[in-house]
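Here's the structure we're looking at; comments come further down.
Protein chains: 2
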Amino acid sequence: MTAIQLYDTTLRDGMQGEGMSLSAEEKLRVAHRLDALGVELIEAGFPSSNPKELELFELLSRETFAHAQIAAFGMTRRRDARAEDDAALRVLVDSFAPVCTIVGKTWSLHLEKVVKVDRDENLRMIEESVAFLVAEGKRVVYDAEHCFDGWHADRDYALRCLRAAAEAGAETVVPCDTNGAHLPGQIATAVADITAHLADTGVRIGIHCHDDAGVGVANSLAAVEAGATHVQGTMNGYGERCGNANLVSIVPNLQLKLGHDCIAPAQLATLTETAHYLDELLNRTPNADQPYIGKNAFAHKGGMHVAGVMADATTFEHMDPALVGNRRELLISELSGKGTVAARAEEAGIALDDAAARRVIERVKELEHRGYHYEAADGSFELLLRKESGEYEQLFTLESWRVIVEQRADGKVETEATIKIWVDGERYVRTGEGNGPVHALDNALRAVLSDTHPHLDDTGLVNFKVRILDETKGTEAVTRVLLDASDGHDVWGSIGVSENVIAASWDALVDSLEYATQAGRETAAPADAATERASS
Amino acid sequence: MTAIQLYDTTLRDGMQGEGMSLSAEEKLRVAHRLDALGVELIEAGFPSSNPKELELFELLSRETFAHAQIAAFGMTRRRDARAEDDAALRVLVDSFAPVCTIVGKTWSLHLEKVVKVDRDENLRMIEESVAFLVAEGKRVVYDAEHCFDGWHADRDYALRCLRAAAEAGAETVVPCDTNGAHLPGQIATAVADITAHLADTGVRIGIHCHDDAGVGVANSLAAVEAGATHVQGTMNGYGERCGNANLVSIVPNLQLKLGHDCIAPAQLATLTETAHYLDELLNRTPNADQPYIGKNAFAHKGGMHVAGVMADATTFEHMDPALVGNRRELLISELSGKGTVAARAEEAGIALDDAAARRVIERVKELEHRGYHYEAADGSFELLLRKESGEYEQLFTLESWRVIVEQRADGKVETEATIKIWVDGERYVRTGEGNGPVHALDNALRAVLSDTHPHLDDTGLVNFKVRILDETKGTEAVTRVLLDASDGHDVWGSIGVSENVIAASWDALVDSLEYATQAGRETAAPADAATERASS
Numbered sequence: 001m002t003a004i005q006l007y008d009t010t011l012r013d014g015m016q017g018e019g020m021s022l023s024a025e026e027k028l029r030v031a032h033r034l035d036a037l038g039v040e041l042i043e044a045g046f047p048s049s050n051p052k053e054l055e056l057f058e059l060l061s062r063e064t065f066a067h068a069q070i071a072a073f074g075m076t077r078r079r080d081a082r083a084e085d086d087a088a089l090r091v092l093v094d095s096f097a098p099v100c101t102i103v104g105k106t107w108s109l110h111l112e113k114v115v116k117v118d119r120d121e122n123l124r125m126i127e128e129s130v131a132f133l134v135a136e137g138k139r140v141v142y143d144a145e146h147c148f149d150g151w152h153a154d155r156d157y158a159l160r161c162l163r164a165a166a167e168a169g170a171e172t173v174v175p176c177d178t179n180g181a182h183l184p185g186q187i188a189t190a191v192a193d194i195t196a197h198l199a200d201t202g203v204r205i206g207i208h209c210h211d212d213a214g215v216g217v218a219n220s221l222a223a224v225e226a227g228a229t230h231v232q233g234t235m236n237g238y239g240e241r242c243g244n245a246n247l248v249s250i251v252p253n254l255q256l257k258l259g260h261d262c263i264a265p266a267q268l269a270t271l272t273e274t275a276h277y278l279d280e281l282l283n284r285t286p287n288a289d290q291p292y293i294g295k296n297a298f299a300h301k302g303g304m305h306v307a308g309v310m311a312d313a314t315t316f317e318h319m320d321p322a323l324v325g326n327r328r329e330l331l332i333s334e335l336s337g338k339g340t341v342a343a344r345a346e347e348a349g350i351a352l353d354d355a356a357a358r359r360v361i362e363r364v365k366e367l368e369h370r371g372y373h374y375e376a377a378d379g380s381f382e383l384l385l386r387k388e389s390g391e392y393e394q395l396f397t398l399e400s401w402r403v404i405v406e407q408r409a410d411g412k413v414e415t416e417a418t419i420k421i422w423v424d425g426e427r428y429v430r431t432g433e434g435n436g437p438v439h440a441l442d443n444a445l446r447a448v449l450s451d452t453h454p455h456l457d458d459t460g461l462v463n464f465k466v467r468i469l470d471e472t473k474g475t476e477a478v479t480r481v482l483l484d485a486s487d488g489h490d491v492w493g494s495i496g497v498s499e500n501v502i503a504a505s506w507d508a509l510v511d512s513l514e515y516a517t518q519a520g521r522e523t524a525a526p527a528d529a530a531t532e533r534a535s536s
Numbered sequence: 001m002t003a004i005q006l007y008d009t010t011l012r013d014g015m016q017g018e019g020m021s022l023s024a025e026e027k028l029r030v031a032h033r034l035d036a037l038g039v040e041l042i043e044a045g046f047p048s049s050n051p052k053e054l055e056l057f058e059l060l061s062r063e064t065f066a067h068a069q070i071a072a073f074g075m076t077r078r079r080d081a082r083a084e085d086d087a088a089l090r091v092l093v094d095s096f097a098p099v100c101t102i103v104g105k106t107w108s109l110h111l112e113k114v115v116k117v118d119r120d121e122n123l124r125m126i127e128e129s130v131a132f133l134v135a136e137g138k139r140v141v142y143d144a145e146h147c148f149d150g151w152h153a154d155r156d157y158a159l160r161c162l163r164a165a166a167e168a169g170a171e172t173v174v175p176c177d178t179n180g181a182h183l184p185g186q187i188a189t190a191v192a193d194i195t196a197h198l199a200d201t202g203v204r205i206g207i208h209c210h211d212d213a214g215v216g217v218a219n220s221l222a223a224v225e226a227g228a229t230h231v232q233g234t235m236n237g238y239g240e241r242c243g244n245a246n247l248v249s250i251v252p253n254l255q256l257k258l259g260h261d262c263i264a265p266a267q268l269a270t271l272t273e274t275a276h277y278l279d280e281l282l283n284r285t286p287n288a289d290q291p292y293i294g295k296n297a298f299a300h301k302g303g304m305h306v307a308g309v310m311a312d313a314t315t316f317e318h319m320d321p322a323l324v325g326n327r328r329e330l331l332i333s334e335l336s337g338k339g340t341v342a343a344r345a346e347e348a349g350i351a352l353d354d355a356a357a358r359r360v361i362e363r364v365k366e367l368e369h370r371g372y373h374y375e376a377a378d379g380s381f382e383l384l385l386r387k388e389s390g391e392y393e394q395l396f397t398l399e400s401w402r403v404i405v406e407q408r409a410d411g412k413v414e415t416e417a418t419i420k421i422w423v424d425g426e427r428y429v430r431t432g433e434g435n436g437p438v439h440a441l442d443n444a445l446r447a448v449l450s451d452t453h454p455h456l457d458d459t460g461l462v463n464f465k466v467r468i469l470d471e472t473k474g475t476e477a478v479t480r481v482l483l484d485a486s487d488g489h490d491v492w493g494s495i496g497v498s499e500n501v502i503a504a505s506w507d508a509l510v511d512s513l514e515y516a517t518q519a520g521r522e523t524a525a526p527a528d529a530a531t532e533r534a535s536s
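Residue numbers (UniProt numbering), protein chains in the order written: chain X, 1 to 536; chain C, 1 to 536.
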């Protein structure tokens, strides 16, 4: 049982994937989730590259993490210059990050064809860059780019590159399979050789793989079996081309199947939730078939499977899904999750008896079948709990709504929304304008409700995501809208599902406002809840 | 260099995956595609299970295949009965299929808890079932279910089960990792032991893996390296839970990286097309990040990558994508250089001079700053190239559009869109209805344009994604809409960005239709492609 250091590069290498995009504030939320999961090192990005990254490091420097240390990413100094004169290395030094990860060349082909640096100068670039950062008080991780190609092409030179980093004071050297070219046997052989060769330096050996051959996870495991004790990867295998090695598969494999020590069992039990949270944040469809955390990962169909699983789960399950926070999916009924519902009700301070909990489970099942998805819609879920427990207060009764969006002949786009609703026996007709349909509907509702619910003045929508659920059907398919709203302390998610994107948005909007105005909430906004949120 | 026998079970085990469904006639087409790819054995299903499967075997019996043999699937006889009296084995014998694959138990846990058969009777079930089929002139593949669990729990008994099949005349025995529990090291150890133990029988050793630990491909490779020469898997890794071992990754790994002999190079070059064909037939979204055959598998972004690849492809590509019928993709982003733009123009057959290429880069930079993102919008990018090269044909001139969505007092949601546009000096006013605003606008536009552009009848929207770009601003922030459309061969992405989700959708929709109707595109749709589509 070896302790394995987890190094997550979702926020840097993962962001190279097609269509990956997160704001600095969203990246902060990812960092907190990774910290809660027990990741030891979080590579946050390139502080030197652009203002958005600088903003992220500024935000990160003010945060406190329970386990994780932040790593800033950069590269070895430019050729024929002094490390201390290299502006990019200087930015790393100036960054608050206690760990600096720098990447450098190992493969002669790249030296000749891409960067046009001679082999000795490359060794000096590695050595002096690492030494400079170490002298400035940084812990240094050295990423050896294309190391396996380099090792196969010229083992001696590749080992000299790694040794240069180790002897200059790097804490960890990480052979990288940058192009994802290699298979587990090749990785194992090279890592065993590297580990033996560098044993005298005391440096930690890492591994960084990609999934181009469909074996990124297996390559990472092979490296650990050959001596690596630091594993780099991304959540859900995000990354360019076929993605980086997927930590969401690597961690349970290392911990549950190979007996290594990565994160605490209670942290491992949040793996499914964390992985899905990342997908939602990135507006990516979670892969239902994803190992360990996918919706289908522990699904059983067919009578014999189900009977076998009921008799003894080990007959048809390779492990207990609860260990990674997933659950068995029996395509014939049976309620798993009464405990979860009860726990969620208690959290929200809602008294829910057994019969009501069962009704909630039935309702969730029915709604999820229609495309609802409560993982990212805690506000809507709480309303559902309230409806079944009898603690629900309806904000208004709807008569009708109408949205008109037009681009006029002068090119100007105008939006107006008219609502007809009843509150306390009184009928209200209001029209709101806005930059878009949700904004206009929101304004129209607030025009009626703000007087009786002044708390709404403090709340606002902060995010809006739309996805087609059965994408093969195009615009006729079901649309799912997720809204996030905030009152400055608390953030809650709500959901709407409809063929019509505006109708789905309306449902999510109403849930969002109703959540904000349930009993206790308007007066409550307690100080410690705000603190909770800020650090989660 | 060993000859590896490929055994595809897409039509049997693959069909256990969630939402998998094919008609008998479609399965026939799959079998022909697999045959063309060079698969040696195609497991077509359970001939005994239902009329649809019987119909499939009836259809298959009349077909001629170039390489492939069809395997019928079944199981060992029931306990305490004679093999020749077993109705299901009888159906296998009566089937035209020259190969019969039968599955049986190896793991005592299953004998005790699931099927309640004693260990000696299980050995007789294996032996007598295999012997019966062999006596009836069948080639027999014996699938040893849960074999790795069995081997770990009681090696001796597992080996006796396999030996029973081998000595009864099975051509191949296949240890199966049915629950997907195992890692490559464990698979390698067991397969090496099994291979050595059965060497005297001359039986061929196979492997059948699942992807529950994310290492199904690596497990299959490990088994081959330990002595297996028959590999079972499914196309694109279809299958229940996390899927079966993915032949689409296994084959190029075996052939291009390990030097084994699976299929001819010309067949390997059809891998991408075949894999995508299967996805289309099954109505599944191809995984853009899929190893070897995904759209992103050889995608490059960023100046240094692109420059490196142009100088020498081996610097940043682990293999030549053409070997598997894929191609390099240069992703367009604000980091792209003139080389990338010129390469994309050439691909699209657009003559773009240097000055125009520079204007394109400037325009992309400016638009990406406003929230556009061309990586996932190749259709919009091609229009941008055309606009700068002068090869752009405008579809219409807009006067105005208006969308009305309302939920009426009776609860019904209605959507209508009215457009006022000019085509060839003529003014058209049309109203379309739809399930949502995009659908209604699309219908209104088609009402004008379909007559002059009949090709549009073959095109339709297949996906729709919306994201807020700066989420801190909520509904007042900029909205990015990505649309995917398809004409059955080609899929193109288009993009719209606006404060207003409907206006952004409109822009993306217009790009999508304009892309479809640019010169050359409408006449291109070749007749045989149309036939293909009509029958799919």
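Heads up, the beta-carbon is just placed ideally off N, CA and C, and yes, glycines get one too.
Source: prediction; values computed, not measured.
Closest by C-alpha distance to residue i, when choosing among the options
i, options, result
"residue 240 of chain C", "X:341, X:228, X:291", "X:291"
"residue 369 of chain C", "C:137, C:315, C:498, C:135", "C:498"
"residue 480 of chain C", "C:3, C:469, C:439", "C:469"
"residue 10 of chain X", "X:246, X:460, X:311, X:217", "X:246"
"residue 77 of chain X", "X:410, X:129, X:429", "X:129"
"residue 394 of chain X", "X:115, X:500, X:517", "X:517"
"residue 502 of chain X", "X:404, X:456, X:433", "X:404"
"residue 126 of chain C", "C:519, C:83, C:17", "C:83"
"residue 271 of chain X", "X:285, X:110, X:295", "X:295"
Short Cβ contact (8 Å threshold) for residue i with residue j
i, j, result
"residue 38 of chain X", "residue 75 of chain X", "no"
"residue 392 of chain X", "residue 495 of chain X", "no"
"residue 253 of chain X", "residue 183 of chain C", "yes"
"residue 219 of chain C", "residue 177 of chain C", "yes"
"residue 113 of chain C", "residue 311 of chain X", "yes"
"residue 212 of chain X", "residue 318 of chain C", "yes"
"residue 163 of chain X", "residue 198 of chain X", "yes"
"residue 44 of chain X", "residue 72 of chain X", "yes"
"residue 447 of chain X", "residue 417 of chain X", "no"
"residue 512 of chain X", "residue 379 of chain X", "yes"
"residue 228 of chain C", "residue 205 of chain C", "yes"
One or two residues paired with residue i in a DSSP bridge
i, result
"residue 406 of chain X", "X:414, C:402"
Listed by chain order, chain A residues near residue i by CB distance under 9 Å
i, result
"residue 180 of chain C", "No chain A is part of this structure, whose protein chains are labelled X and C."
(message) Could you check whether the segment 377–389 of chain C touches the segment 397–407 of chain C, counting it as contact only if at least three pairs of C-beta atoms, one from each stretch, sit closer than 8 Å?
(response) no
(request) Determine, using beta-carbon pairs with one atom in the segment 219–236 of chain X and one in the segment 272–282 of chain X, whether at least three such pairs fall under 8 Å. (result) yes
(request) Please specify which runs of the beta strand (DSSP E), each continuous and at least 3 residues long, are wholly inside the segment 201–242 of chain C, giving them in chain order. (result) 204–208, 230–233
(request) May I ask you to verify whether the segment 113–121 of chain C touches the segment 134–150 of chain C, counting CB pairs closer than 8 Å and requiring at least 3? (result) no
(message) Please give me, in chain order, every unbroken run of the alpha helix (DSSP H) with length at least 4 that falls completely inside the segment 244–330 of chain C.
(response) 247–252, 265–268, 271–281, 303–311
(request) Scan the segment 443–518 of chain C and note each continuous beta strand (DSSP E) run of 3 residues or more that stays entirely inside, going in chain order. (result) 460–468, 479–486, 491–498
(message) For a minimum of 4 consecutive residues, which ranges assigned as the alpha helix (DSSP H) are wholly contained in the segment 161–198 of chain C?
(response) 184–198
(message) With a threshold of 8 Å, are at least 3 pairs of Cβ atoms found where one atom belongs to the segment 51–63 of chain C and the other to the segment 16–29 of chain C?
(response) yes
(request) Identify every run of the beta strand (DSSP E) within the segment 32–66 of chain X, keeping only runs that are complete inside it and at least 3 residues long; order them along the chain. (result) 41–45
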